[in-house]
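Student:
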Amino acid sequence: MPDLWFVEERNPFGQWSPATYHGEKPTEKQIGGRRREFRRDPREVNVGHHYLSLSDLAENYSPDGRFYLAEGADA
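Next up, the structure:
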């Protein structure tokens, strides 16, 4: 199963929007003359979470989410 990555990108209105990428870890780079900016480093989505919707992934992987657990924190 290909890797799935969760990120929050800055949208044209200056707000953070959740997004997912398949394959290699995404990087911040120029796209169509505009730099793609991430709120923090992309996080690899647990294989058991691949079926979740984007809003459910945000609840688990966004620092603002209800179930967010910082990397390195004890469960």
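Our numbering puts the first residue of the sequence shown at 10, with every later residue one more than the last.
Every residue, glycine too, gets a C-beta built ideally from N, C-alpha and C.
Since this is a predicted model, take the numbers as computed values, not measurements.
1) Count the other C-beta atoms from every protein chain shown that fall within 10 angstroms of the C-beta of V56, then say buried if there are 16 or more, exposed otherwise.
2) Just tell me which of N20, G23, P27 has its CA closest to the CA of L66.
3) What does A28 pair with, by DSSP beta-bridge criteria?
4) Using the C-alpha atoms, what's the distance from P51 back to L13?
5) Per DSSP, what are the beta-bridge partners of E53 in this structure?
Tutor: According to the structure shown:
1) exposed
2) Looking from the CA of L66, the closest CA among N20, G23, P27 belongs to P27.
3) V16
4) 10 Å
5) Note: E53 sits in a beta bridge opposite W14.
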